[in-house]
Structures are given as structure tokens and as C-alpha cells.
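Read the structure below first, then the notes.
Numbering (full-length UniProt numbering), first residue to last: 1 to 229.
Shown next as C-alpha cells:
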């Protein structure tokens, strides 16, 4: 069973935040993962209002994160502690997912195969600011039905669309073509994470030989067409 670290706010409305953390943990566990929430564990003896104990709780949380396979960031409000967890996960190569709707398990990043899904951490730092036309992009997993939710199905070629440019005006629509099965999809620019890092593409090619085989076939076809001219 995959171990997942749940990050959510603690300070502020403490009681509500604890209830939310418990709910997130329950929903994640019901989705088939071992969900761990530091608020629930370490708040039993680390008082967040006491600086020394808060510091101890943060250190214990990061140690727990070290042994987790993924970090799930719940909700759109990112607290100071959560920012530290996100930075730590990025530094240590821990896949990180941002849940815009943390109480909807349908959108949880549960892969249909044994490979972890891809997130914005797998994209180039400034890729989201680039023109996507003619480039590979990573689709957010929420846009895939559960049975198709695999890393290879997150990789698409952006062919065209007014939303290719980051400064789009009237429409953010982009058209995608899958690099293996040639399926087409039309989504909004915000439905993709960005442009994958070179190491992400290498990882995908290692996991899914069909990706390399299709690229080789396309190259061979292009060469044949050139000879026929």
C-alpha cells in the first residue's frame, strides 16, 4: 500500500483544521492509500502555540515525509508550514500533488498502474509561461477517467489552439494529440501542468517502450517520405 503524506493548514481555526485533516485522511485511506497527517499524530504532544514544540513537530513531520512516497497538498490555501513541506519534497524528489478539491476522492492522484502520476514538479520551471504549440505537455490527472489515469496518458503533444500562448485573450483552448495512440483531446490551458523536464521524458520512455517504438516509427516514416520526394 502506498504511503502518502497529507499536507493541510493547522494554524488559524485549529479545531476546524484538525477536523479537515481527519476527513482528508479518512477519504484518502478509503481510496486505498496509507494516509498520514502530521497534525493528527504530532499535535498530541507538540503544542503548535509553543515555538520549541512547534519546531519539534515540523522536524518530525519532515522526517515522516522522508519515508512517504507522495505528498498531497490539500486545498488552495498554502500555509507557511505547507510551503516548507512542498520545498522539502521538491528537494528530495518526492512526487507532489495539489488538490484543488480535497474532499472529492474522484480527483485523488491514484494511478491505474503501479507508476506514480506526474505533477507540476515534473515540468520545467518556466514551462507554464511558454508557447505550448508543437511541444509536449503534461495533462493534469483530473482530466483523465480513473481507468486511464496513468503517466503515459498524461503526456500529450499540443498541436494548436488560441490557448497555446500564455497571453491568450479570448479563449484558453488547446488541442492535444497523444504520442502513442493518436487520440485527440481539447482542454483549457489550465488543464495541463506545463512542459515536461527532459528527465521526465526519459523516465516515461523507460517505463513505456511503446513511446519509443512510436517515435522510431514516425522517424522512419518521415525518412521514407523524404526519399520519395
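The beta-carbon is built from N, C-alpha and C at its ideal position, and this holds for glycine as well.
Inset, instruction - Give every residue of the same chain whose Cβ lies closer than 6 Å to the Cβ of residue 127, excluding the five residues on either side of it in the sequence, and list them in chain order. - result: 194 and 195
Inset, instruction - Compare the Cα-Cα distances from residue 142 to each of 172, 110, 134 and 124 and report the closest residue. - result: 110
Inset, instruction - Inspect the beta-carbon positions of residue 3 and residue 27 and report whether they are closer than 7 Å. - result: no
Inset, instruction - Over the uninterrupted beta strand (DSSP E) stretch that includes residue 186, give me the two end residues. - result: 184–188
Inset, instruction - List the whole-angstrom C-beta distance separating residue 68 from residue 117, where the pair is believed to meet the contact cut-off of C-beta under 8 Å. - result: So it is not a contact: roughly 15 Å between Cβ atoms.
Inset, instruction - Pick helix, strand or coil for residue 196, following the three-state DSSP scheme. - result: strand
Inset, instruction - On a CA-only basis, which of 161, 114 and 204 is nearest residue 132? Give me that one, please. - result: 161
Legend entry - Where residue 39 sits in the DSSP three-state scheme: helix
Legend entry - 8 Å Cβ shell around residue 175 - same chain, five flanking residues per side excluded: 158, 159, 160, 161, 184, 185 and 186
Legend entry - residue 188 and residue 167 closer than 7 Å at C-beta: no
Inset, instruction - Take residue 228 and list the residues in its own chain whose beta-carbon comes closer than 7 Å to its own, dropping the five residues that flank it on each side. - result: Because residue 228 carries a pLDDT of 49, less than 50, the predicted location of this residue cannot be relied on, and no value is offered for it.
Legend entry - Between the CA atoms of residue 6 and residue 205 - distance to the nearest angstrom: 30 Å
Legend entry - 8 Å contact criterion, which residue 75 and residue 102 should meet: CB distance rounded: 5 Å
Inset, instruction - Let me know the secondary structure DSSP gives residue 112 once reduced to three states. - result: coil
Legend entry - residue 65 versus residue 1: straight-line alpha-carbon distance, rounded: 16 Å
Inset, instruction - Within its chain, find whatever has a CB closer than 7 Å to the CB of residue 153; leave out the 5 residues flanking it on each side and keep chain order. - result: 144
Inset, instruction - Would you kindly work out how many angstroms separate the C-alpha atoms of residue 39 and residue 21, rounded to a whole number? - result: 7 Å
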